[in-house]
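A.B. asks: Be aware that the sequence shown starts at 9, since it is given in our numbering, and climbs by one per residue.
For every residue, glycine included, the Cβ atom is placed at its ideal position computed from N, Cα and C.
All of these numbers come straight from a predicted model, not from anything done at the bench.
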Amino acid sequence: MKISLYLPNLIQWFLAHGLKIIGIIVGAVLVNWFLKTLITNFIKNTIKAKISEETKKKRAATLISSFYGTAHFIVIIVALLAILSELGINITPILASLGVAGLAVSMAAKDIIADFISGLFILLEGQFYVGDKVKIADIEGVVQEFTLRKTIIRDSQGVLHIIPNSQIKIVAKEIPSNQ
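1) Skipping 5 residues on each side, what residues in its chain have a beta carbon closer than 8 Å to that of I29?
2) Please go through the same chain and pick out, in chain order, the residues whose beta-carbon is closer than 7 Å to the beta-carbon of L8, but skip the five residues on each side of it.
3) By alpha-carbon positions, which one of V138, I125, I32 and L27 ends up nearest to V83?
4) Below 9 Å between beta carbons: does that hold for S174 and S114?
5) Can you find the residues in the same chain that come closer than 6 Å, C-beta to C-beta, to K143, ignoring five residues on each side of it along the sequence?
6) Have a look at F81 and E148 and give me their C-alpha separation to the nearest angstrom.
7) Could you name each continuous alpha helix (DSSP H) segment of 4 residues or more that falls completely within the stretch 102-183, going from the start of the chain to the end?
8) Comparing alpha-carbon positions, which option in I171, V138, V37 and L13 lies nearest K66?
9) Kindly indicate the opening and closing residues of the alpha helix (DSSP H) around N17.
10) Quick test of your reading: V150 and F136, contact by CB under 8 Å. State the CB separation rounded to the nearest angstrom.
11) On the three-state DSSP scale, how would you describe L95?
12) Return the Cβ separation of I170 and I178 in integer angstroms, given the expectation that the two are a contact with Cβ distance under 8 Å.
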C-alpha cells in the first residue's frame, strides 16, 4: 500500500474539512475563555451586598464554578455537534434523539432536577458557601464542596457527608462576629 496514492485525497479532505474542524475547536476554546471571563467579571461586579470580603469571595467562587461549569458543558456539546456536521454526519436525528432522551431522563430524574433547582436557590440566595460552618439536619461541619446537585460537608471527625440539595430543608449557619 503506497501512501502516495492517498496523499492527494488526504490533503484535499484536510483543506476542505480539517481547517474548519480546527477552526471550530479554536472557536470553542475562545468562547470558553470569553464566557469564563464574562461570568467571573459579571459575578464579581454584581456581588455588592454588605457582607465581608471573605464572604464575597466565597460567594463569587461558588457562583463562578457553578455557572461556568454549565456554560463549559454547553460549549463542548455545540462544538461536538458542529464537528459532526462538518464530517458529513446529519445531526438532525441526533438533536431529535437528544430531545427525546432529555424528556425521558427528566421524567426519570425528577429527584436530580429537584436537586438542581434547590441548589440554584441555595446559590442565588447565598444561604451558605464553601468554607462555611453549617448544621444541616443532624450533620454539623464545614462545607467542603457545593454543586447545583449536592453539598459535601466534612464533620469534626473528618467524615464527608454528601447531601442532595433537595434534601436540605433547614440550615443553621455559624456567622463569625466580624461579619
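C.D. replies: The answer reads as follows:
1) The sequence position of residue 29 within the sequence shown is 21, counting from 1. Excluding positions up to five away in sequence, the list reads I91, E94 and L95.
2) Past the edges of the chain, shown from 9 to 187, lies residue 8, and the structure says nothing about it.
3) Looking up residue 83 in the sequence shown gives position 75. Checked all of V138, I125, I32 and L27; the closest Cα to V83 is I32.
4) Working through the sequence shown from its first residue, we reach residue 174 at position 166. Working through the sequence shown from its first residue, we reach residue 114 at position 106. Cβ distance not < 9 Å, so S174 and S114 don't count as in contact.
5) Locating residue 143 in the sequence shown gives position 135, counting from the first residue. So the list reads A180, once near-sequence residues are dropped.
6) Reading the sequence shown from its first residue, position 73 is the one you call residue 81. Reading the sequence shown from its first residue, position 140 is the one you call residue 148. Near 33 Å, if we compare the C-alpha coordinates of E148 and F81.
7) 118-133
8) As a position in the sequence shown, residue 66 is number 58, starting the count at 1. Ranking the options by Cα distance to K66, first place goes to V138.
9) In the sequence shown, the residue the question calls residue 17 occupies position 9. Here the alpha helix (DSSP H) through N17 covers I11 to W21.
10) The residue you call residue 150 lines up with position 142 of the sequence shown. The residue you call residue 136 lines up with position 128 of the sequence shown. In fact, because the Cβ distance is near 10 Å, the residues do not count as touching under 8 Å.
11) Your numbering for residue 95 matches position 87 in the sequence shown. Looking at L95 - three-state DSSP - the assignment turns out to be coil, as it is neither helix nor strand.
12) Stepping through the sequence shown from its first residue, residue 170 is reached at position 162. Stepping through the sequence shown from its first residue, residue 178 is reached at position 170. The Cβ separation is near 18 Å, so there is no contact.
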